[in-house]
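**Q** Taken in order, these protein sequences are the chains called A and B. Following the numbering used here, the numbering of the first sequence begins with 223 at its first residue and continues without gaps. Following the numbering used here, the numbering of the second sequence begins with 97 at its first residue and continues without gaps. The beta-carbon is built from N, C-alpha and C at its ideal position, and this holds for glycine as well.
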Amino acid sequence: MLDILGKVFGRDELPSKDIAKERLRLVLVHDRATVSPQFLELIKEEVIDVITEYMEIDSNGVEVSIHSLESSVALVASIPIKKMKRAIKAV
Amino acid sequence: MGEVIVVTSGKGGVGKTTTAANLGTALALNEHRVVLVDADIGLRNLDVVMGLENRIVYDLVDVTSGVCRLKQALIRDKRFNENLFLLPAAQTRDKTAVTPEQMKALDEELKLEFDYVIVDCPAGIEQGFRNAIAGADRAIVVTTPEVSAVRDADRIIGLLEASEMAEVQLLINRIRPNMVKRGDMMDIDDIIDILAVDLIGVVPEDDRIVIATNRGEPAVLDSTSRSGQAFRNVACRITGEQVPLMPLEIEEGFMARMKHLLGFGR
């Protein structure tokens with residue numbers, strides 16, 4: 223809708239400040255996350271704590287990292303599962 | 097006991113030295129005792145912005161290395177009675193000539209004599225930055241409304257928080273109301289939203305800064321300069337006074353208003 227309105231009034235693109243803000247938002251997510259490796263380590267430890275309540279995992283094989291995609295930044299966690307706990311299956 | 101305020105930014109060219117000079121001068125005009133410390137060793141500039149470049153005998157490194165006493169290196173700015181002094185940076189040395197511990201000791205000594213110690217920090221995040229922030233009680237982070245400057249400000253704010261700086265405040269410099277109005281420049285809210293930090297002031301882009309710097313007379317001395325007014329407001333906020341942000345809209349000229357009325361505007 224905004225696009226159409228914009229076109230009617232001769233503005234076919236976003237105001238450049240919105241582009242600036244969006245680009246900054248993304249780059250800062252990445253900057254802030256990469257500033258401290260301890261930050262990722264902290265997340266990793268807490269993720270392991272939560273997951274082990276539900277399944278048996280290989281905590282040495284857990285990898286947590288930040289990935290930049292085209293228009294977003296994602297926290298990617300790879301958690302190798304050793305065994306599922308029976309209690310969870312029952313739910 | 098005075099307060100040490102470091103003016104910093106990360107990115108170069110956003111107006112740290114201009115800010116330090118104007119805030120120091122405005123505080124001195126309000127009868128506070130102020131010393132300006134140029135911590136940009138090797139790239140000294142606060143002296144020329146203040147118009148005091150011909151009066152330098154000793155510099156900061158002479159003081160920290162014991163070549164002279166602190167009192168001998170302080171240049172009194174004769175325009176402000178006994179209220180404003182400058183401690184110039186060394187020009188022929190580099191940032192490693194001083195340690196954070198030495199800067200801290202220097203700041204402590206200056207705090208005994210002055211109400212405000214304004215430290216002009218070099219660009220970057222290396223030793224010069226670490227020296228400049230070492231003894232500071234408060235940091236004013238200067239940014240312009242540009243992607244690169246805001247990004248660097250974010251990094252600096254992170255480093256200041258990590259070093260447990262008691263107070264960190266943002267000064268948005270060189271904002272251009274016409275571009276903000278057109279949607280081609282981030283506005284105050286956009287920047288505060290991104291950086292999540294307290295704001296101490298907003299200074300509009302102003303040709304008079306160039307003229308003031310040419311002359312070596314800070315813009316706060318010019319009662320008709322809008323940036324000068326903005327810096328005077330920031331100086332009042334530093335001392336705890338509540339001063340509202342000044343409106344950024346420029347009075348439209350007669351022709352612009354006529355155009356607007358006739359529907360030719362924008």
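Tell me the DSSP bridge mates of alanine 296(A)?
**A** His289(A)
**Q** Whole angstroms is fine: what's the gap from serine 255(A)'s alpha carbon to tyrosine 276(A)'s?
**A** First, the residue type needs correcting, since residue 255(A) is alanine and not serine in the sequence shown. Roughly 27 Å separates the two Cα atoms.
**Q** Can you name the residues that DSSP bridges to arginine 247(B)?
**A** Per DSSP, none; premise fails for arginine 247(B).
**Q** Measure from the C-beta of valine 249(A) to each C-beta in chain B and report whether the shortest distance is under 8 Å.
**A** yes
**Q** Can you pull the chain A neighbours of arginine 251(B), defined as C-beta to C-beta under 7 Å?
**A** Asp253
**Q** With aspartate 280(A) and proline 259(A) assumed to form a contact (beta carbons below 8 Å), what rounded beta-carbon distance in angstroms separates them?
**A** By a beta-carbon distance limit of 8 Å, aspartate 280(A) does not contact proline 259(A). Their separation comes to about 21 Å.
**Q** Between leucine 66(B) and valine 159(B), which are expected to be in contact by the criterion C-beta below 8 Å, what is the C-beta distance as a whole number of angstroms?
**A** No statement about residue 66(B) is possible, as the shown extent of chain B runs from 97 to 362 and does not include it.
**Q** For glutamate 278(A), which residues of its own chain have a beta-carbon under 8 Å away from its beta-carbon, when the five flanking residues on both sides are left out?
**A** Ile303, Lys304, Lys305, Met306, Lys307
**Q** Using C-beta distances below 7 Å, list every residue in its chain close to arginine 322(B), excluding the 5 sequence neighbours before and after it, in chain order.
**A** Pro300, Asp302
**Q** What does arginine 226(B) touch in chain A if you count any residue whose Cβ is under 7 Å from its own?
**A** Chain A residues near arginine 226(B): none, gap ~16 Å exceeds 7 Å.
**Q** Given a cut-off of 8 Å on the beta-carbon distance, is the pair threonine 239(B) and isoleucine 214(B) in contact?
**A** no
**Q** Along the chain, where does the beta strand (DSSP E) that runs through isoleucine 271(B) open and close?
**A** Segment 263–271, the beta strand (DSSP E) holding isoleucine 271(B).
**Q** Within 10 Å of its beta-carbon, does alanine 116(B) have 16 or more other beta-carbons around it, so buried, or fewer, so exposed?
**A** Burial check for alanine 116(B): the Cβ neighbour count within 10 Å reaches 16 or more, so the residue is buried.
**Q** Determine, using beta carbons only, whether serine 238(A) comes closer than 8 Å to chain B.
**A** yes
**Q** Taking threonine 195(B) as the reference, which of Thr188(B), Ala219(B), Asn310(B), Gly224(B) has the closest Cα?
**A** Gly224(B)
**Q** Locate the alpha helix (DSSP H) running through aspartate 271(A), then write down its first and last residues.
**A** 259–273
**Q** Use the C-beta contact count for threonine 104(B): other C-beta atoms within 10 angstroms, 16 or more gives buried, fewer gives exposed.
**A** buried
**Q** Please classify aspartate 136(B) as buried or exposed, where buried requires at least 16 other C-beta atoms within 10 Å of its C-beta.
**A** buried
**Q** Taking DSSP as the reference, what is the three-state secondary structure of alanine 135(B)?
**A** Alanine 135(B) falls in the coil class under three-state DSSP.
**Q** Beta-carbon of leucine 262(A) versus every beta-carbon of chain B: anything under 8 Å?
**A** Answer no: the Cβ-Cβ gap between leucine 262(A) and chain B never drops below 8 Å.
**Q** So aspartate 286(B) contacts chain A; which residues on that side make the cut at Cβ distance below 7 Å?
**A** The contacting residues are Lys239, Lys243.
**Q** Which residues in the same chain have their Cβ closer than 8 Å to the Cβ of lysine 200(B), if we skip the five residues on either side of it in sequence?
**A** Ala230, Gly231
**Q** For leucine 297(A), decide whether its Cβ has a neighbour in chain B, counting only Cβ atoms nearer than 8 Å.
**A** At a cut-off of 8 Å between beta-carbon atoms, leucine 297(A) makes no contact with chain B.
**Q** If threonine 133(B) and leucine 183(B) are in contact, beta carbons under 8 Å, what's the gap, nearest whole angstrom?
**A** The sequence shown places valine at residue 133(B), not threonine. Going by Cβ atoms, the distance from valine 133(B) to leucine 183(B) rounds to 5 Å, so yes, they are a contact pair.
**Q** Identify whether proline 196(B) lies in helix, strand or coil by the three-state DSSP scheme.
**A** helix
**Q** In the DSSP assignment, find the beta strand (DSSP E) that holds valine 213(B) and state where it starts and stops.
**A** If you look at valine 213(B), you'll find it in the beta strand (DSSP E) that goes 212–216.
**Q** For leucine 180(B), which residues of its own chain have a beta-carbon under 7 Å away from its beta-carbon, when the five flanking residues on both sides are left out?
**A** Taking C-beta separations shorter than 7 Å and ignoring five residues to either side along the sequence, the partners of leucine 180(B) in its chain run Gly120, Thr121, Ala124, Val130, Asp173, following chain order.
**Q** Return the residues of the stretch 234–261 of chain B that lie within a Cβ-Cβ distance of less than 7 Å from chain A, sorted by chain order.
**A** Val243, Val246, Arg247, Asp250, Arg251, Gly254
**Q** Mind checking whether asparagine 118(B) and valine 316(B) have CB atoms under 8 Å apart?
**A** yes
**Q** With 8 Å set as the bound, which would you pick, yes or no: does the beta-carbon of leucine 291(A) sit closer than that to a beta-carbon of chain B?
**A** no
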